[in-house]
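S.K.: Mapped onto full-length UniProt numbering, the consecutive letters of the sequence shown carry residue numbers 1 to 500. Here a beta-carbon is modelled for each residue, glycine too, at the ideal position from N, C-alpha and C. Below you'll find the structure I mean.
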Amino acid sequence: MQTERPTATATGFQPIPNGDPGAPGAPGAEVHREMIYQTGQGTCCNQDRRNQPQANAIGAAAFIFLSGGLHIAWSIGFDSLLAELEVSSHLRISWFVAAIVGALLGGFFSQRLTYKQLMQLCAMLTVIGGVVMGVRRFNAKAMFVARYLNGFANGLAFAPTLAMAGELSVYYRRGTTASAGEQWPTALGIFVQIVCSASWDTESEFTVEQFQGVLSAILGVIAISMAWLLTIESPVDMLHRGDEQAAIDSLSRLHRPRAVTAETYDQLDNHRTYLAHNQPMRGLRGWTEALPALLHLCLLRGLYAMSSSMLVAYTLSYTSTVVYPGNSGPFVLFGFLRLVGSCASAFALDTLGRKIPLLLGLVMAGGLAAGVASRFVVSELLRVKDMRMALWLLLLYQLFAGIAFGPSSAYLSEAFPRSVKRQCIALAYALEMIIQLGICRVDLSRNIDGIDNIAGFFFSLAALLLAEFLCSVWCMPETKMTTLQQAQIKFRNFVVSQQA
1 MQTERPTATA TGFQPIPNGD PGAPGAPGAE VHREMIYQTG QGTCCNQDRR
51 NQPQANAIGA AAFIFLSGGL HIAWSIGFDS LLAELEVSSH LRISWFVAAI
101 VGALLGGFFS QRLTYKQLMQ LCAMLTVIGG VVMGVRRFNA KAMFVARYLN
151 GFANGLAFAP TLAMAGELSV YYRRGTTASA GEQWPTALGI FVQIVCSASW
201 DTESEFTVEQ FQGVLSAILG VIAISMAWLL TIESPVDMLH RGDEQAAIDS
251 LSRLHRPRAV TAETYDQLDN HRTYLAHNQP MRGLRGWTEA LPALLHLCLL
301 RGLYAMSSSM LVAYTLSYTS TVVYPGNSGP FVLFGFLRLV GSCASAFALD
351 TLGRKIPLLL GLVMAGGLAA GVASRFVVSE LLRVKDMRMA LWLLLLYQLF
401 AGIAFGPSSA YLSEAFPRSV KRQCIALAYA LEMIIQLGIC RVDLSRNIDG
451 IDNIAGFFFS LAALLLAEFL CSVWCMPETK MTTLQQAQIK FRNFVVSQQA
(Lines of atoms letter the chains of each structure in order from A; the text may use other names.)
(Lines give C-alpha, C1' and ligand atoms only; values in the text may rest on other atoms or scores of the structure.)
Protein backbone atom coordinates (compact mmCIF):
# COMPACT_ATOMS: atom_id res chain seq x y z
CA MET A 1 0.00 0.00 0.00
CA GLN A 2 1.37 3.38 -1.00
CA THR A 3 1.91 6.01 1.65
CA GLU A 4 0.41 9.39 1.00
CA ARG A 5 1.87 12.83 1.44
CA PRO A 6 -0.19 15.96 1.99
CA THR A 7 0.02 18.96 -0.27
CA ALA A 8 -1.18 22.54 0.03
CA THR A 9 -4.32 23.63 -1.79
CA ALA A 10 -6.43 26.76 -1.74
CA THR A 11 -8.65 25.24 0.96
CA GLY A 12 -5.99 23.54 3.07
CA PHE A 13 -3.66 20.54 3.02
CA GLN A 14 -4.70 17.43 1.09
CA PRO A 15 -2.85 14.12 0.56
CA ILE A 16 -1.27 13.30 -2.77
CA PRO A 17 0.44 10.10 -3.93
CA ASN A 18 4.22 9.82 -3.61
CA GLY A 19 4.52 9.62 -7.36
CA ASP A 20 3.09 13.08 -7.86
CA PRO A 21 5.32 16.12 -8.44
CA GLY A 22 5.41 17.00 -4.73
CA ALA A 23 7.49 13.97 -3.89
CA PRO A 24 11.21 14.66 -3.42
CA GLY A 25 13.15 13.96 -6.57
CA ALA A 26 10.05 13.81 -8.76
CA PRO A 27 9.76 16.01 -11.87
CA GLY A 28 8.54 19.47 -10.95
CA ALA A 29 9.34 18.99 -7.26
CA GLU A 30 11.02 22.39 -6.94
CA VAL A 31 8.03 24.18 -8.47
CA HIS A 32 5.73 22.27 -6.15
CA ARG A 33 7.85 23.20 -3.11
CA GLU A 34 7.59 26.84 -4.07
CA MET A 35 3.79 26.51 -4.07
CA ILE A 36 3.88 24.77 -0.69
CA TYR A 37 5.90 27.55 0.93
CA GLN A 38 3.82 30.32 -0.57
CA THR A 39 0.67 28.72 0.79
CA GLY A 40 2.26 27.74 4.09
CA GLN A 41 3.69 31.15 4.86
CA GLY A 42 0.73 33.37 4.03
CA THR A 43 0.63 36.73 5.75
CA CYS A 44 3.06 37.80 8.44
CA CYS A 45 0.47 37.25 11.20
CA ASN A 46 -0.36 33.79 9.86
CA GLN A 47 3.34 32.95 9.80
CA ASP A 48 3.74 34.00 13.41
CA ARG A 49 0.77 31.94 14.57
CA ARG A 50 1.75 28.90 12.54
CA ASN A 51 5.39 28.94 13.67
CA GLN A 52 4.89 30.05 17.29
CA PRO A 53 5.71 26.57 18.71
CA GLN A 54 9.25 26.97 17.36
CA ALA A 55 9.84 30.05 19.53
CA ASN A 56 8.01 28.44 22.46
CA ALA A 57 10.35 25.45 22.26
CA ILE A 58 13.29 27.65 23.32
CA GLY A 59 11.18 29.87 25.57
CA ALA A 60 12.55 28.31 28.76
CA ALA A 61 16.06 29.42 27.77
CA ALA A 62 14.77 32.93 27.05
CA PHE A 63 13.59 33.31 30.66
CA ILE A 64 16.93 32.00 31.91
CA PHE A 65 18.74 34.55 29.72
CA LEU A 66 16.45 37.28 31.06
CA SER A 67 17.63 36.50 34.59
CA GLY A 68 21.18 36.53 33.23
CA GLY A 69 20.63 40.03 31.86
CA LEU A 70 19.81 41.20 35.39
CA HIS A 71 23.12 39.83 36.66
CA ILE A 72 25.14 41.19 33.72
CA ALA A 73 23.82 44.70 34.37
CA TRP A 74 24.57 44.36 38.07
CA SER A 75 28.11 43.17 37.31
CA ILE A 76 28.97 46.10 35.06
CA GLY A 77 27.88 48.70 37.61
CA PHE A 78 24.10 49.09 37.60
CA ASP A 79 23.79 48.15 41.26
CA SER A 80 22.76 49.74 44.55
CA LEU A 81 24.71 52.24 46.63
CA LEU A 82 25.15 49.53 49.26
CA ALA A 83 26.73 47.25 46.66
CA GLU A 84 29.08 50.01 45.51
CA LEU A 85 30.39 50.32 49.06
CA GLU A 86 30.66 46.63 49.95
CA VAL A 87 31.11 44.58 46.75
CA SER A 88 34.49 42.99 46.14
CA SER A 89 36.00 42.59 42.68
CA HIS A 90 35.62 38.81 42.96
CA LEU A 91 31.88 39.09 43.60
CA ARG A 92 31.45 41.42 40.64
CA ILE A 93 33.14 39.05 38.20
CA SER A 94 31.80 35.81 39.70
CA TRP A 95 28.86 35.59 37.27
CA PHE A 96 31.18 35.78 34.25
CA VAL A 97 33.49 33.10 35.67
CA ALA A 98 30.56 30.73 36.20
CA ALA A 99 29.16 31.50 32.75
CA ILE A 100 32.49 30.54 31.14
CA VAL A 101 32.55 27.20 32.97
CA GLY A 102 28.90 26.54 32.12
CA ALA A 103 29.38 27.44 28.46
CA LEU A 104 32.30 25.05 28.02
CA LEU A 105 30.40 22.22 29.70
CA GLY A 106 27.29 23.02 27.67
CA GLY A 107 29.22 23.12 24.43
CA PHE A 108 31.25 19.97 24.87
CA PHE A 109 29.08 17.68 27.02
CA SER A 110 25.45 18.84 26.81
CA GLN A 111 24.42 16.17 24.28
CA ARG A 112 24.55 13.59 27.06
CA LEU A 113 21.17 15.02 28.13
CA THR A 114 18.08 15.79 26.09
CA TYR A 115 17.38 19.47 25.52
CA LYS A 116 14.32 19.27 27.77
CA GLN A 117 16.34 17.78 30.63
CA LEU A 118 19.06 20.39 30.17
CA MET A 119 16.58 23.29 30.32
CA GLN A 120 14.93 21.85 33.42
CA LEU A 121 18.35 21.62 35.10
CA CYS A 122 19.28 25.20 34.14
CA ALA A 123 15.89 26.53 35.25
CA MET A 124 16.24 24.75 38.60
CA LEU A 125 19.67 26.31 39.14
CA THR A 126 18.13 29.71 38.34
CA VAL A 127 15.38 29.18 40.92
CA ILE A 128 17.82 28.08 43.63
CA GLY A 129 20.14 31.01 42.93
CA GLY A 130 17.23 33.45 43.02
CA VAL A 131 15.91 32.10 46.34
CA VAL A 132 19.36 32.22 47.94
CA MET A 133 19.84 35.82 46.81
CA GLY A 134 16.35 36.99 47.72
CA VAL A 135 15.92 35.72 51.27
CA ARG A 136 18.68 37.72 52.98
CA ARG A 137 19.52 41.41 52.85
CA PHE A 138 22.85 41.78 51.04
CA ASN A 139 24.73 38.79 52.31
CA ALA A 140 28.02 38.43 50.41
CA LYS A 141 28.23 34.65 50.75
CA ALA A 142 24.66 34.20 49.56
CA MET A 143 25.30 36.48 46.61
CA PHE A 144 28.38 34.46 45.64
CA VAL A 145 26.34 31.27 45.58
CA ALA A 146 23.45 32.89 43.71
CA ARG A 147 25.62 34.50 41.07
CA TYR A 148 27.67 31.36 40.47
CA LEU A 149 24.51 29.29 40.05
CA ASN A 150 22.86 31.78 37.70
CA GLY A 151 25.99 32.31 35.63
CA PHE A 152 26.52 28.56 35.32
CA ALA A 153 22.89 28.05 34.24
CA ASN A 154 23.14 30.77 31.58
CA GLY A 155 26.40 29.44 30.20
CA LEU A 156 25.15 25.84 30.20
CA ALA A 157 22.01 26.82 28.27
CA PHE A 158 23.61 29.12 25.70
CA ALA A 159 25.22 26.84 23.11
CA PRO A 160 22.50 24.15 23.06
CA THR A 161 19.78 26.79 22.73
CA LEU A 162 21.28 28.56 19.71
CA ALA A 163 22.06 25.22 18.08
CA MET A 164 18.47 24.11 18.68
CA ALA A 165 17.06 27.41 17.40
CA GLY A 166 18.66 26.75 14.03
CA GLU A 167 17.35 23.18 13.82
CA LEU A 168 13.82 23.82 15.10
CA SER A 169 13.01 26.87 12.98
CA VAL A 170 11.73 26.97 9.43
CA TYR A 171 14.24 28.57 7.10
CA TYR A 172 12.22 31.75 6.68
CA ARG A 173 12.02 32.40 10.47
CA ARG A 174 15.40 31.13 11.69
CA GLY A 175 17.05 34.53 12.08
CA THR A 176 14.27 36.08 14.14
CA THR A 177 13.84 32.99 16.30
CA ALA A 178 17.54 32.77 17.18
CA SER A 179 18.03 36.49 17.80
CA ALA A 180 14.79 36.97 19.73
CA GLY A 181 15.55 33.93 21.89
CA GLU A 182 18.91 35.30 23.02
CA GLN A 183 19.21 39.04 22.40
CA TRP A 184 15.75 40.18 23.50
CA PRO A 185 15.69 38.59 26.96
CA THR A 186 19.27 39.63 27.73
CA ALA A 187 18.59 43.24 26.69
CA LEU A 188 15.30 43.24 28.62
CA GLY A 189 17.03 41.92 31.73
CA ILE A 190 19.67 44.65 31.49
CA PHE A 191 16.93 47.27 31.04
CA VAL A 192 14.96 46.05 34.08
CA GLN A 193 18.05 46.05 36.28
CA ILE A 194 19.02 49.56 35.11
CA VAL A 195 15.54 50.90 35.90
CA CYS A 196 15.55 49.27 39.34
CA SER A 197 19.05 50.44 40.28
CA ALA A 198 18.32 53.99 39.11
CA SER A 199 14.99 54.39 40.87
CA TRP A 200 15.25 52.19 43.97
CA ASP A 201 14.70 53.78 47.36
CA THR A 202 18.04 53.49 49.16
CA GLU A 203 16.25 53.65 52.53
CA SER A 204 14.15 50.57 51.79
CA GLU A 205 14.76 47.44 53.86
CA PHE A 206 14.13 45.38 50.73
CA THR A 207 17.21 45.93 48.55
CA VAL A 208 17.48 45.92 44.78
CA GLU A 209 19.65 42.79 45.08
CA GLN A 210 16.83 40.99 46.91
CA PHE A 211 14.39 42.07 44.23
CA GLN A 212 16.78 40.69 41.61
CA GLY A 213 16.85 37.39 43.48
CA VAL A 214 13.06 37.16 43.79
CA LEU A 215 12.58 38.05 40.12
CA SER A 216 15.20 35.47 39.09
CA ALA A 217 13.39 32.79 41.10
CA ILE A 218 10.07 33.67 39.42
CA LEU A 219 11.69 33.57 35.99
CA GLY A 220 13.21 30.19 36.85
CA VAL A 221 9.80 28.78 37.82
CA ILE A 222 8.34 30.02 34.52
CA ALA A 223 11.29 28.45 32.69
CA ILE A 224 10.68 25.09 34.40
CA SER A 225 7.04 25.20 33.32
CA MET A 226 7.92 26.08 29.75
CA ALA A 227 10.62 23.42 29.60
CA TRP A 228 8.15 20.80 30.84
CA LEU A 229 5.22 21.79 28.62
CA LEU A 230 6.62 23.38 25.45
CA THR A 231 10.13 22.10 24.78
CA ILE A 232 10.41 20.02 21.60
CA GLU A 233 13.44 17.93 20.77
CA SER A 234 15.36 18.51 17.55
CA PRO A 235 14.07 16.52 14.54
CA VAL A 236 17.66 16.52 13.27
CA ASP A 237 18.77 14.65 16.39
CA MET A 238 16.00 12.10 15.87
CA LEU A 239 16.94 11.58 12.24
CA HIS A 240 20.56 11.18 13.31
CA ARG A 241 19.45 8.37 15.64
CA GLY A 242 17.50 6.76 12.78
CA ASP A 243 14.03 7.45 14.23
CA GLU A 244 12.26 8.99 11.24
CA GLN A 245 8.77 8.69 12.72
CA ALA A 246 9.81 10.62 15.83
CA ALA A 247 11.36 13.30 13.58
CA ILE A 248 8.07 13.63 11.64
CA ASP A 249 6.16 13.90 14.91
CA SER A 250 8.57 16.58 16.16
CA LEU A 251 8.22 18.57 12.93
CA SER A 252 4.43 18.40 13.12
CA ARG A 253 4.50 19.72 16.70
CA LEU A 254 6.57 22.70 15.58
CA HIS A 255 3.60 24.11 13.67
CA ARG A 256 0.14 25.25 14.63
CA PRO A 257 -2.23 23.57 14.07
CA ARG A 258 -0.33 20.35 14.62
CA ALA A 259 -0.46 18.31 11.41
CA VAL A 260 1.73 16.37 9.02
CA THR A 261 1.77 18.40 5.81
CA ALA A 262 3.76 18.62 2.62
CA GLU A 263 5.96 21.21 4.32
CA THR A 264 6.68 18.66 7.06
CA TYR A 265 8.06 16.17 4.54
CA ASP A 266 9.99 18.87 2.73
CA GLN A 267 11.63 19.92 6.00
CA LEU A 268 12.37 16.27 6.69
CA ASP A 269 14.13 16.00 3.32
CA ASN A 270 16.11 19.16 4.07
CA HIS A 271 17.21 17.79 7.44
CA ARG A 272 18.16 14.46 5.91
CA THR A 273 20.26 16.23 3.28
CA TYR A 274 21.81 18.41 6.00
CA LEU A 275 22.86 15.33 7.96
CA ALA A 276 24.31 13.66 4.88
CA HIS A 277 26.25 16.84 4.06
CA ASN A 278 27.70 16.96 7.60
CA GLN A 279 28.45 13.25 7.89
CA PRO A 280 32.09 13.51 6.66
CA MET A 281 32.77 16.68 8.70
CA ARG A 282 33.96 15.15 11.92
CA GLY A 283 37.02 15.62 14.05
CA LEU A 284 39.79 17.69 12.50
CA ARG A 285 37.90 18.31 9.26
CA GLY A 286 34.95 19.75 11.16
CA TRP A 287 37.19 22.16 13.08
CA THR A 288 39.00 23.15 9.87
CA GLU A 289 35.69 23.95 8.19
CA ALA A 290 34.50 25.92 11.23
CA LEU A 291 37.67 27.92 11.97
CA PRO A 292 37.20 30.93 9.60
CA ALA A 293 33.63 31.57 10.73
CA LEU A 294 34.59 30.95 14.37
CA LEU A 295 37.31 33.61 14.28
CA HIS A 296 35.00 36.17 12.72
CA LEU A 297 32.10 35.48 15.07
CA CYS A 298 34.42 35.50 18.10
CA LEU A 299 35.44 39.04 17.12
CA LEU A 300 31.79 40.02 16.68
CA ARG A 301 30.77 38.61 20.06
CA GLY A 302 33.81 40.22 21.66
CA LEU A 303 32.65 43.60 20.39
CA TYR A 304 29.18 42.77 21.69
CA ALA A 305 30.69 42.32 25.15
CA MET A 306 32.57 45.61 24.92
CA SER A 307 29.42 47.47 23.88
CA SER A 308 27.72 46.80 27.22
CA SER A 309 30.66 46.59 29.60
CA MET A 310 31.71 48.26 32.84
CA LEU A 311 33.55 51.12 31.09
CA VAL A 312 30.42 51.95 29.08
CA ALA A 313 28.35 51.99 32.28
CA TYR A 314 30.99 54.14 33.98
CA THR A 315 30.93 56.62 31.11
CA LEU A 316 27.14 56.83 31.32
CA SER A 317 27.29 57.43 35.08
CA TYR A 318 30.03 60.06 34.76
CA THR A 319 28.41 62.07 31.97
CA SER A 320 24.87 61.91 33.33
CA THR A 321 26.05 63.01 36.77
CA VAL A 322 27.76 66.06 35.24
CA VAL A 323 24.93 66.99 32.87
CA TYR A 324 21.79 65.86 34.72
CA PRO A 325 22.74 65.39 38.39
CA GLY A 326 20.21 63.38 40.37
CA ASN A 327 18.22 62.45 37.24
CA SER A 328 17.69 58.77 36.40
CA GLY A 329 16.34 59.55 32.91
CA PRO A 330 19.62 58.96 31.01
CA PHE A 331 20.03 55.54 32.64
CA VAL A 332 16.52 54.44 31.71
CA LEU A 333 16.93 55.77 28.16
CA PHE A 334 20.26 53.97 27.86
CA GLY A 335 18.70 50.58 28.60
CA PHE A 336 15.58 51.30 26.57
CA LEU A 337 17.48 52.25 23.42
CA ARG A 338 19.58 49.09 23.63
CA LEU A 339 16.39 47.04 23.92
CA VAL A 340 14.79 48.86 20.97
CA GLY A 341 17.88 48.26 18.82
CA SER A 342 17.90 44.53 19.64
CA CYS A 343 14.18 44.15 18.92
CA ALA A 344 14.33 46.08 15.64
CA SER A 345 17.30 44.05 14.46
CA ALA A 346 15.66 40.71 15.25
CA PHE A 347 12.50 41.63 13.36
CA ALA A 348 14.55 42.59 10.30
CA LEU A 349 16.72 39.48 10.03
CA ASP A 350 14.32 37.46 7.88
CA THR A 351 13.12 40.39 5.75
CA LEU A 352 16.04 42.79 5.24
CA GLY A 353 18.52 40.02 5.91
CA ARG A 354 21.45 39.65 8.28
CA LYS A 355 24.00 41.90 6.60
CA ILE A 356 22.05 45.17 6.38
CA PRO A 357 21.41 45.48 10.15
CA LEU A 358 24.94 44.22 10.85
CA LEU A 359 26.68 46.71 8.57
CA LEU A 360 24.41 49.64 9.44
CA GLY A 361 24.84 49.04 13.14
CA LEU A 362 28.60 48.56 12.98
CA VAL A 363 29.38 51.66 10.96
CA MET A 364 27.05 53.90 12.99
CA ALA A 365 28.21 52.48 16.33
CA GLY A 366 31.85 52.89 15.27
CA GLY A 367 31.34 56.52 14.33
CA LEU A 368 29.43 57.27 17.53
CA ALA A 369 32.08 55.56 19.68
CA ALA A 370 34.74 57.76 18.07
CA GLY A 371 32.56 60.77 18.81
CA VAL A 372 32.28 59.82 22.48
CA ALA A 373 36.06 59.37 22.74
CA SER A 374 36.72 62.74 21.12
CA ARG A 375 34.76 64.53 23.86
CA PHE A 376 37.29 63.32 26.44
CA VAL A 377 40.43 64.35 24.55
CA VAL A 378 40.93 67.94 25.71
CA SER A 379 43.77 69.81 27.31
CA GLU A 380 41.67 71.85 29.74
CA LEU A 381 39.02 70.78 32.20
CA LEU A 382 36.09 69.01 30.61
CA ARG A 383 33.16 71.30 29.90
CA VAL A 384 29.51 70.55 30.52
CA LYS A 385 28.66 70.92 26.82
CA ASP A 386 31.30 68.29 25.98
CA MET A 387 29.77 65.93 28.53
CA ARG A 388 26.28 66.59 27.19
CA MET A 389 27.42 65.73 23.69
CA ALA A 390 29.23 62.62 24.95
CA LEU A 391 26.11 61.48 26.80
CA TRP A 392 23.79 61.78 23.81
CA LEU A 393 26.31 60.14 21.51
CA LEU A 394 26.58 57.29 24.02
CA LEU A 395 22.80 56.84 24.10
CA LEU A 396 22.62 56.72 20.31
CA TYR A 397 25.55 54.33 20.32
CA GLN A 398 23.51 51.88 22.39
CA LEU A 399 20.69 51.96 19.85
CA PHE A 400 22.98 51.08 16.94
CA ALA A 401 24.96 48.56 18.98
CA GLY A 402 21.68 46.72 19.58
CA ILE A 403 21.02 46.73 15.84
CA ALA A 404 24.56 45.61 14.98
CA PHE A 405 24.79 42.58 17.26
CA GLY A 406 21.31 41.17 16.74
CA PRO A 407 22.46 39.12 13.70
CA SER A 408 25.26 37.48 15.71
CA SER A 409 22.80 35.03 17.30
CA ALA A 410 21.46 33.99 13.90
CA TYR A 411 24.96 33.56 12.50
CA LEU A 412 26.02 31.42 15.47
CA SER A 413 23.02 29.13 14.93
CA GLU A 414 23.89 28.38 11.29
CA ALA A 415 27.60 28.92 10.64
CA PHE A 416 29.31 25.74 11.79
CA PRO A 417 29.41 22.03 10.85
CA ARG A 418 26.98 20.13 13.03
CA SER A 419 29.60 17.97 14.76
CA VAL A 420 31.33 21.04 16.24
CA LYS A 421 28.49 23.57 16.29
CA ARG A 422 27.84 23.58 20.03
CA GLN A 423 31.54 23.67 20.81
CA CYS A 424 32.11 26.67 18.51
CA ILE A 425 29.14 28.56 19.95
CA ALA A 426 30.45 27.85 23.45
CA LEU A 427 33.93 29.14 22.58
CA ALA A 428 32.53 32.38 21.14
CA TYR A 429 30.41 32.89 24.28
CA ALA A 430 33.34 32.08 26.56
CA LEU A 431 35.46 34.71 24.82
CA GLU A 432 32.63 37.22 25.25
CA MET A 433 32.57 36.52 28.99
CA ILE A 434 36.37 36.71 29.27
CA ILE A 435 36.30 40.19 27.74
CA GLN A 436 33.58 41.28 30.17
CA LEU A 437 35.62 39.88 33.04
CA GLY A 438 38.80 41.61 31.88
CA ILE A 439 37.10 45.01 31.57
CA CYS A 440 35.61 44.62 35.05
CA ARG A 441 39.17 44.29 36.36
CA VAL A 442 40.17 47.74 35.09
CA ASP A 443 41.11 50.06 37.96
CA LEU A 444 39.32 53.34 37.32
CA SER A 445 41.03 55.07 40.23
CA ARG A 446 44.48 55.15 38.64
CA ASN A 447 43.71 58.13 36.41
CA ILE A 448 41.88 61.27 37.45
CA ASP A 449 38.17 60.43 37.13
CA GLY A 450 39.07 57.57 34.78
CA ILE A 451 39.14 59.99 31.84
CA ASP A 452 42.16 58.41 30.17
CA ASN A 453 40.50 55.01 30.39
CA ILE A 454 37.31 56.30 28.76
CA ALA A 455 39.07 57.99 25.83
CA GLY A 456 41.37 55.05 25.14
CA PHE A 457 38.57 52.52 25.44
CA PHE A 458 36.19 54.26 23.06
CA PHE A 459 38.89 55.00 20.47
CA SER A 460 39.85 51.32 20.54
CA LEU A 461 36.21 50.27 20.34
CA ALA A 462 35.58 52.59 17.39
CA ALA A 463 38.59 51.23 15.51
CA LEU A 464 37.53 47.63 16.09
CA LEU A 465 33.91 48.31 15.09
CA LEU A 466 34.94 49.99 11.84
CA ALA A 467 37.46 47.23 11.11
CA GLU A 468 34.71 44.65 11.67
CA PHE A 469 32.45 46.65 9.36
CA LEU A 470 35.02 46.53 6.54
CA CYS A 471 35.67 42.84 7.16
CA SER A 472 31.94 42.04 7.16
CA VAL A 473 31.36 43.87 3.87
CA TRP A 474 33.63 41.42 2.09
CA CYS A 475 33.57 38.34 4.26
CA MET A 476 30.19 37.87 5.95
CA PRO A 477 27.62 35.95 3.88
CA GLU A 478 23.93 36.79 3.61
CA THR A 479 22.03 33.74 4.87
CA LYS A 480 18.47 35.03 4.74
CA MET A 481 15.98 32.50 3.28
CA THR A 482 18.52 29.67 3.17
CA THR A 483 18.37 26.20 4.69
CA LEU A 484 20.94 25.24 7.32
CA GLN A 485 22.93 23.36 4.70
CA GLN A 486 22.95 26.31 2.30
CA ALA A 487 23.97 28.70 5.08
CA GLN A 488 26.79 26.39 6.14
CA ILE A 489 28.07 26.14 2.57
CA LYS A 490 28.11 29.95 2.33
CA PHE A 491 30.19 30.13 5.50
CA ARG A 492 32.64 27.45 4.38
CA ASN A 493 34.46 29.89 2.11
CA PHE A 494 33.19 33.08 3.70
CA VAL A 495 36.16 35.11 2.47
CA VAL A 496 34.74 34.91 -1.04
CA SER A 497 31.10 34.51 -0.08
CA GLN A 498 30.04 37.80 -1.65
CA GLN A 499 31.03 36.59 -5.09
CA ALA A 500 29.16 33.34 -4.44
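#1: Alpha carbons only, please: which of S94, L70, L66 is nearest the one belonging to C440?
#2: Look at the alpha carbon of L349 and the alpha carbon of N327, and state the distance between them as a whole number of angstroms.
#3: With a threshold of 16 other CB atoms inside 10 Å of the CB of D79, please say whether the residue is buried or exposed.
#4: Using only the alpha-carbon positions, how far apart do E167 and V97 sit?
#5: Roughly how many angstroms lie between the CA atoms of K480 and S408, to the nearest whole one?
#6: Do L360 and A404 have their C-beta atoms closer together than 9 Å?
#7: Is T202 near L66, with beta carbons less than 9 Å apart?
#8: Would you mind stating whether T273 and Q52 have Cβ atoms separated by less than 9 Å?
#9: So what's L104 in DSSP terms, helix, strand or just coil?
#10: Can you list, in chain order, the residues of its chain with a C-beta nearer than 8 Å to that of A227? Leave out the 5 residues immediately preceding and following it.
#11: Using a threshold of 9 Å, state whether the C-beta atoms of G283 and S419 are closer than that.
#12: So the candidates are A142, S317, T177; which of them puts its Cα closest to the Cα of G406?
#13: Can you tell me the Cα-Cα spacing of V214 and G130, whole angstroms?
#14: Helix, strand or coil: which one does DSSP assign to N327?
#15: Which full runs of the alpha helix (DSSP H) of 4+ residues lie inside the region 336 to 383, going along the chain?
#16: So, helix, strand or coil for Q279, using DSSP?
#17: CB N278 to CB T483, shorter than 9 Å?
#18: According to DSSP, is M124 part of a helix, a strand, or is it coil?
#19: Quick check: the Cα distance between G220 and A153, rounded to an integer number of angstroms?
#20: With H, G and I counted as helix, E and B as strand and the rest as coil, what does DSSP make of S89?
#21: Could you give the residue range of the alpha helix (DSSP H) that holds E203?
#22: To the nearest angstrom, how far is the alpha carbon of V363 from that of A140?
#23: Taking only runs that begin and end inside the region 240 to 292, name each unbroken alpha helix (DSSP H) of 4 or more residues, in chain order.
#24: From the DSSP output, in three-state form, read off T186 for me.
#25: Looking at the structure shown, is M481 part of a helix, part of a strand, or coil, going by DSSP?
#26: Determine the burial state of D48: buried for a count of at least 16 other Cβ atoms within 10 Å of its Cβ, exposed for fewer.
#27: Suppose you measure from the CA of P325 to the CA of Q423; what does that come to, to the nearest Å?
#28: Does the region 451 to 469 come close enough to the region 305 to 324 that 3 or more CB-CB pairs lie under 8 Å?
#29: Out of A159, Q183, M476, V208, state which residue places its alpha-carbon closest to the alpha-carbon of L104.
#30: R256 to C45, Cα distance in whole Å?
#31: Looking at I100 and G175, is the spacing between their C-beta atoms short of 9 Å?
#32: What do you reckon, are the CB atoms on L427 and L294 nearer than 9 Å?
#33: Can you say whether residue 502 is buried or exposed, counting buried as having 16 or more other CB atoms within 10 angstroms of its CB?
#34: Just to check my reading of the structure: Q193 and G69 have Cβ atoms closer than 8 Å, yes? What is that Cβ distance to the nearest angstrom?
#35: Would you identify the three-state DSSP class for F78, choosing helix, strand or coil?
#36: Three-state secondary structure (DSSP) at N150?
M.R.: With the given structure in hand:
#1: S94
#2: So the two alpha carbons sit approximately 36 Å from each other.
#3: buried
#4: 29 Å
#5: 13 Å
#6: yes
#7: no
#8: no
#9: helix
#10: A60, K116, M119, Q120, A123
#11: yes
#12: T177
#13: 6 Å
#14: coil
#15: 355 to 374
#16: coil
#17: no
#18: If DSSP states are grouped into helix, strand and coil, M124 belongs with the helices.
#19: 10 Å
#20: helix
#21: No alpha helix (DSSP H) contains E203, which DSSP labels as neither H nor E.
#22: One C-alpha to the other measures close to 42 Å.
#23: 244 to 253, 262 to 278
#24: helix
#25: coil
#26: exposed
#27: 46 Å
#28: yes
#29: A159
#30: 12 Å
#31: no
#32: Less than 9 Å separates the beta-carbon of L427 from that of L294.
#33: For the chain, the structure presents residues 1 to 500; residue 502 sits outside this window and is missing.
#34: Q193 to G69, Cβ: 7 Å. Contact.
#35: coil
#36: N150: helix per DSSP, three-state reduction.
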